[in-house]
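Engineer:
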Amino acid sequence: MKPNHHYQDVAETYLFSNIAKKVNAYLAENPEKSVLRLGIGDVTLPLAPAVIQAMHEAVDEMGKKETFKGYGPEQGYAFLRESIQAYYARRGVSLSTDEIFVSDGAKSDCGNILDLFATENSVLVPDPVYPVYVDTNVMAGRKISYMQATKENGFLPMPDPAVKADIIYLCSPNNPTGASYTKEQLKGWVDFALENNAVILYDAAYECFVTDGACRSIFEVDGARKCAIELCSFSKTAGFTGTRCGYTVVPEELVFDGMSLRKMWLRRQTTKFNGVSYIVQKGAAAVFSEAGEKQIQENLAYYRENAKLIATCMDECGIAYTGGKNSPYIWLQCPTGMTSWEFFDYLLKEIQVVGTPGSGFGKNGEGFFRLTAFGSRETTMEACRRIKALLKK
Ligand code: MLT
300 MKPNHHYQDV
310 AETYLFSNIA
320 KKVNAYLAEN
330 PEKSVLRLGI
340 GDVTLPLAPA
350 VIQAMHEAVD
360 EMGKKETFKG
370 YGPEQGYAFL
380 RESIQAYYAR
390 RGVSLSTDEI
400 FVSDGAKSDC
410 GNILDLFATE
420 NSVLVPDPVY
430 PVYVDTNVMA
440 GRKISYMQAT
450 KENGFLPMPD
460 PAVKADIIYL
470 CSPNNPTGAS
480 YTKEQLKGWV
490 DFALENNAVI
500 LYDAAYECFV
510 TDGACRSIFE
520 VDGARKCAIE
530 LCSFSKTAGF
540 TGTRCGYTVV
550 PEELVFDGMS
560 LRKMWLRRQT
570 TKFNGVSYIV
580 QKGAAAVFSE
590 AGEKQIQENL
600 AYYRENAKLI
610 ATCMDECGIA
620 YTGGKNSPYI
630 WLQCPTGMTS
640 WEFFDYLLKE
650 IQVVGTPGSG
660 FGKNGEGFFR
670 LTAFGSRETT
680 MEACRRIKAL
690 LKK
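The numbering used here applies: residue 300 is where the sequence shown begins, and numbers increase by one.
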């Protein structure tokens, strides 16, 4: 047997596992310290009451012979796909339920979707970027080119006609920078993909944070149905990071070399996936109920307020940053020319605040640092207090 040697080409540990390891090592040596974690973008508010109620009811159904469910449809129950369809329709995007695939989260789909593409395709990703796009392609032995997301272009790279690509990753609002594309900018990418017979993998996991009219779905853009797949999740929208539910939209029009990507994805999912549990899907559908939507908006407002607190803290410390507006992430420049990991170590050692080193997202992330607004209010306020005490001039 020969193992997949491409695994030698990725870092030994995944970025967020590496951070957790470092923090645990620090805590083992300093058990008396209180560490404030604003690193991984993990939510802290509990599930909305409407979600909990729906899941309790679903548990009861599973306990009765008449309503018990075995294997569900691999693509997701119709009730959830119809709710997702209606969610898009409210934003003027028309989807067929056959184009919506429920999964256990955007991260899994992000890796699994690569089953549809030949290895020789070239891949274009922004730098900095959510490391999953890069690592999953490297593991599969694909060649990656990078588009530069820098302060100069507002962290929103646009197509370079000199760079060709078959698979293009876009994430907006962006993880890690928080920058968001407008519809006009996304039109530029859609036109580029259509001209190059490329497919865009559009990560919309943070769409619920948009407040300024930026695009929330690539399908708001004309032509996107012919070149884009959208990945989305209930993790950030409704606090499902531990509950696990997401969805992927693969439009009918995506046909390459006579092969329908939608049909291929259906074939892939029916073969390799047995669907998300009924209980979780019932909870996810409750996100779109009137009560659910209201409760979820309250949670999002709470995180937005955290983002504002962190942004104000940065202003008071004279630290340049982006994000925090359409996004739960504040992307800041490390002070006094420190590298990302130096700043990580400095904050951990001096004030026990954990963030994510920008260089973990790519070479353009060097010298930057990401803080998340998904912490509790108490953690966020205390972290801001400690940061100010350390860095305010
Ligand atoms: C992050 O911190 O970038 C995210 O939580 C990672 C993820 O969504 O998997």
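Every residue gets a Cβ at the ideal spot worked out from N, C-alpha and C, and that includes glycine.
1) According to DSSP, leucine 646 sits in a beta bridge with which residue or residues?
2) Just verifying my parser: in three-state terms, what is the DSSP assignment at proline 430?
3) Per the contact definition of three or more C-beta pairs closer than 8 Å, is the segment 633-653 in contact with the segment 571-584?
4) Quick one: complete beta strand (DSSP E) runs, 3+ long, within the segment 505-590?
5) Using a Cβ cut-off of 7 Å (strictly closer), state whether alanine 583 contacts chain D.
6) Buried or exposed: where does glutamine 374 fall if 16 or more other Cβ atoms within 10 Å of its Cβ makes it buried?
7) Alpha carbon to alpha carbon, how far is leucine 394 from glutamate 506? Give it in angstroms, no decimals.
8) Hey, which unbroken runs of the beta strand (DSSP E) at 3 residues or more fall wholly within the segment 447-494?
9) Taking only three categories from DSSP, how would you classify arginine 684?
10) Under 8 Å: do the segment 578-595 and the segment 415-430 share three or more Cβ pairs, one atom per stretch?
11) Isoleucine 412 to leucine 469, Cα distance in whole Å?
12) Strictly by DSSP, which residues pair up with isoleucine 499?
13) How is the beta strand (DSSP E) around tyrosine 628 delimited, first residue to last?
14) Given this structure, state the Cα-to-Cα distance separating glycine 487 from methionine 457, to the nearest angstrom.
15) For glycine 404, collect the residues of the same chain with a Cβ closer than 6 Å to its Cβ; drop the 5 residues on either side in sequence, then sort them by chain order.
16) Just reading off the beta strand (DSSP E) that arginine 669 is part of, what are its end residues?
17) To which residues of the same chain is glycine 440 closer than 6 Å at the C-beta, ignoring the five residues directly before and after it?
18) Given that a residue counts as buried once 16 or more other Cβ atoms are within 10 Å of its Cβ, and exposed if not, what is tyrosine 370?
19) Using 6 Å as the cut-off, classify the Cβ of lysine 693 as near or not near the heavy atoms of the ligand MLT, replying yes or no.
20) Tell me whether the beta-carbon of threonine 481 lies closer than 7 Å to the beta-carbon of alanine 523.
21) For serine 402, tell me which candidate among Tyr387, Gly391 and Ile383 has the shortest Cα-Cα distance.
22) Would DSSP call lysine 662 helix, strand or coil?
Structural biologist: To lay it out plainly:
1) Residue mapping note: residue 646 aligns to position 347 of the sequence shown, counting from 1. None, per the DSSP bridge assignment.
2) Taking the sequence shown and counting its residues from 1, one reaches residue 430 at position 131. In this structure, proline 430 counts as helix in the three-state DSSP scheme.
3) Counting Cβ pairs under 8 Å, fewer than three are found: no touch.
4) 527-532 and 545-548
5) Note that chain D does not occur in the displayed structure, where there is just one protein chain.
6) Reading the sequence shown from its first residue, position 75 is the one you call residue 374. So glutamine 374 ends up on the buried side.
7) In the sequence shown, counting from the first residue as 1, residue 506 sits at position 207. In the sequence shown, counting from the first residue as 1, residue 394 sits at position 95. Rounded to whole angstroms, glutamate 506 to leucine 394 spans 17 Å at the Cα level.
8) Counting only runs of 3 or more, we get 466-470.
9) The residue given as residue 684 occupies position 385 in the sequence shown. It is helical.
10) no
11) Numbered from its first residue, the sequence shown carries residue 412 at position 113. Numbered from its first residue, the sequence shown carries residue 469 at position 170. Cα-Cα distance, rounded: 15 Å.
12) Position 200 of the sequence shown holds residue 499. Answer by DSSP bridge pairing, in chain order: Ile467 and Ala527.
13) Locating residue 628 in the sequence shown gives position 329, where the first residue counts as 1. Per DSSP, tyrosine 628 belongs to the beta strand (DSSP E) from 628-632.
14) Against the sequence shown, residue 487 aligns to sequence position 188. Against the sequence shown, residue 457 aligns to sequence position 158. When rounded, the distance between both Cα atoms is 7 Å.
15) Indexing the sequence shown from 1 puts residue 404 at position 105. Cβ within range, chain order: Ser532, Arg543 and Gly545.
16) On the sequence shown, residue 669 is found 370 positions in, with the first residue counted as 1. It spans 667-671 - the beta strand (DSSP E) in which arginine 669 sits, taken as one unbroken run.
17) For the purposes of this step, residue 440 is taken as residue 141 along the sequence shown, with counting starting at 1. Closer than 6 Å at Cβ, skipping near neighbours: His305 and Thr418.
18) The residue given as residue 370 occupies position 71 in the sequence shown. Tyrosine 370 is exposed by the Cβ-count criterion.
19) With the chain covering only 300 through 692, there is no way to say anything about residue 693.
20) Mapped onto the sequence shown, residue 481 falls at position 182. Mapped onto the sequence shown, residue 523 falls at position 224. Result no, Cβ atoms of threonine 481 and alanine 523 do not sit closer than 7 Å.
21) Within the sequence shown, residue 402 is the residue found at index 103, counting from 1. With distances taken between Cα atoms, serine 402 lies closest to Ile383.
22) Counting from 1 along the sequence shown, the entry for residue 662 is found at position 363. Lysine 662 falls in the helix class under three-state DSSP.
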